[in-house]
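Notes to accompany the following structure.
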Amino acid sequence: MKLPPFEYACPTALSEAVALLAAHDGDAKLIAGGQSLVPMLAFRLAAPAMLVDLRKVPDLRKIDIAASGVTLGAMVRWCDILGDARLRTAHPLLVAAVSHVAHYQIRNRGTIGGSIAHADPAAEMPGIVLACDAEMAVVGKAGARVIKAADFFIGPLTTALASDEIIVEIRFPAWPAQRRWGFQEFARRRGDFAMAAAAVWYDQDGGGKAKDAHVGIIGVGDRPQRLPSVEAVLNGLAVDEATIGRAEAAASAAVDPQSDIHASAEYRRALAGTMVERALRDAVSAAPVSTRLGEE
Ligand SMILES: Cc1cc2nc3c(=O)[nH]c(=O)nc-3n(C[C@H](O)[C@H](O)[C@H](O)COP(=O)(O)OP(=O)(O)OC[C@H]3O[C@@H](n4cnc5c(N)ncnc54)[C@H](O)[C@@H]3O)c2cc1C
């Protein structure tokens, strides 16, 4: 289907991009990789008067790894994340999740900023930034601010971003080497959006008991969710068969999915528990990221 008509601008400075968005007062949209926006235009789910292309804005494609954590520019593409060997130790959960995103061609264009701004409830990255306590640094006509992932996703395809705000970078806290983690996803075909996925991690105290557990679930609600009741099951216990079983049951009880064309609510509820169970088994196994990639 042909796209609706629009004006096009390709600014070379962030301030210029913000000014263009502000001048159009909600009737201009950013374009990053175009992998979500172009289908939205084709289906007339969006029809902005102007597209503001971010590709010439400098410094948005940087990957910075420091003792304080990992910072990804908003225009970092999926292929950049998978191609950067440093990230496999600096943030293995991130890398494992990205290996489930879409297909080779889409991973060559799609960006992390575009995915987070698009806020598809079945997309991996909104769930990962939430589960990992990441923050989004954004700039708009009122200036710069930082939005915690917990405050960012408001509903399906809806975020806390104002219409003139641009995500500049995504900041992940440091990832200790000994952290236990797992990412599991079930999709109908390799590269499809998740029917359900779970991201889990925890640290361990001196006695090998879990602490600071984080459990995120993707694809079973109108936005990604943390599951505090599952985290409470894990904290203070050794992650053994009994604990994993209780966590699985708690995850199924905590979600409230709707039935849709892909699956019944009942099926998705069971699947959420299964994803958490499998992700915890991976966390216990402590296998390196190279053996946990869902790549084509
Ligand atoms: C066939 C197919 C399969 C796919 N499968 C998956 C999948 O399994 N998992 C998955 O997660 N994704 C999947 N995707 C989506 C893909 O990952 C997209 O690349 C991603 O969701 C959006 O990134 P983008 O750079 O293409 O953004 P665009 O399409 O360019 O933009 C998306 C939205 O974000 C806004 N935006 C872009 N950049 C910024 C920014 N810096 N600040 C503020 N707003 C911004 C745009 O205005 C637009 O509203 C799939 C896409 C296709 C076509």
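All the letters of the sequence shown, read from the start, carry residue numbers -15 to 280 under this note's numbering. Just so it is clear, CB atoms sit at the ideal spot from N, CA and C, and this is done for glycine as well.
- Own chain, CB closer than 7 Å to V273, minus 5 neighbours either side, in chain order: R72, P76, V79, A80
- Message: Would A183 and G111 be called neighbours here (beta carbons separated by less than 8 Å)?
- Response: yes
- Message: Considering only heavy atoms of ligand 1, does any lie closer than 7 Å to the CB of F167?
- Response: no
- Counting along the chain, where does the beta strand (DSSP E) carrying F167 start and finish? 164 to 170
- Message: Taking its Cβ as the centre, do 16 or more other Cβ atoms sit within 10 Å of R172, making it buried, or is it exposed?
- Response: exposed
- Message: Give me, in chain order, the residues of the same chain whose beta-carbon lies closer than 8 Å to that of Q188; leave out the 5 immediate sequence neighbours on both sides.
- Response: Q162, R164, A194, K195
- Report buried or exposed for F137, applying the criterion of at least 16 other Cβ atoms within 10 angstroms of its Cβ. buried
- Query: Within 10 angstroms of its Cβ, does A231 collect 16 or more other Cβ (buried), or is it exposed?
  - Reply: buried
- Along the chain, which unbroken stretches of the beta strand (DSSP E) at least 3 residues long are found entirely within the region 110 to 136? 119 to 124, 127 to 132
- Looking at T227 and ligand 1, is the gap between the Cβ and the nearest heavy atom below 7 Å? no
- Item | Sub-8 Å separation of A199 and V260 beta-carbons | It is worth fixing the name first, because residue 199 is Val in this sequence and not Ala. Contact: yes.
- Run of the alpha helix (DSSP H) containing I90, from where it starts to where it stops: 88 to 91
- 8 Å Cβ cutoff met for L(-13) and L25: yes
- Message: Cutting at 7 Å between CB atoms, please list the residues of its own chain near K125, excluding the five before and the five after it.
- Response: V2, A6, D148
- Message: Mapping the DSSP letters down to three states, classify P212 as helix, strand or coil.
- Response: helix
- Item | Through-space distance from G17 to R39, alpha-carbon basis | 9 Å
- Task: Decide if G190 is buried, meaning its Cβ has at least 16 other Cβ atoms within 10 Å, or exposed.
- Result: exposed
- Could you tell me whether the region 89 to 97 touches the region 55 to 68, using the rule of 3 or more Cβ pairs below 8 Å? yes
- Message: Using 8 Å for Cβ pairs, my map puts G328 next to R207. What's the rounded Cβ distance?
- Response: Residue 328 falls outside the range modelled here, since the chain spans only -15 to 280, and no answer is possible.
- Message: Quick check on DSSP: helix, strand or coil for A197?
- Response: strand
- Which whole-angstrom value describes the C-beta separation of A91 and Q168, a residue pair presumed to lie in contact below a C-beta threshold of 8 Å? Residue 91 is actually Arg in this sequence, not Ala. In fact, because the Cβ distance is near 20 Å, the residues do not count as touching under 8 Å.
- Message: Once DSSP output is grouped into helix, strand and coil, what is the label at L(-13)?
- Response: coil
- Message: For ligand 1, is there any heavy atom lying closer than 7 Å to the beta carbon of K13?
- Response: yes
- Task: Can you have a look at E153 and say buried or exposed, based on whether 16 or more other CB atoms are within 10 angstroms of its CB?
- Result: buried
- Task: Flag this pair as yes or no: are the beta carbons of H84 and E119 separated by less than 8 Å?
- Result: no
- Task: Pull up the CB-CB distance for L4 and M(-15), whole angstroms please, since I reckon it's below 8 Å.
- Result: With 8 Å as the limit, L4 and M(-15) do not qualify as a contact, their Cβ atoms being about 26 Å apart.
- Item | Distance between P105 and F177 (C-alpha atoms, nearest Å) | 9 Å
- Message: Can you tell me whether G220 sits near ligand 1, meaning its C-beta is under 7 Å from at least one heavy atom of the ligand?
- Response: no
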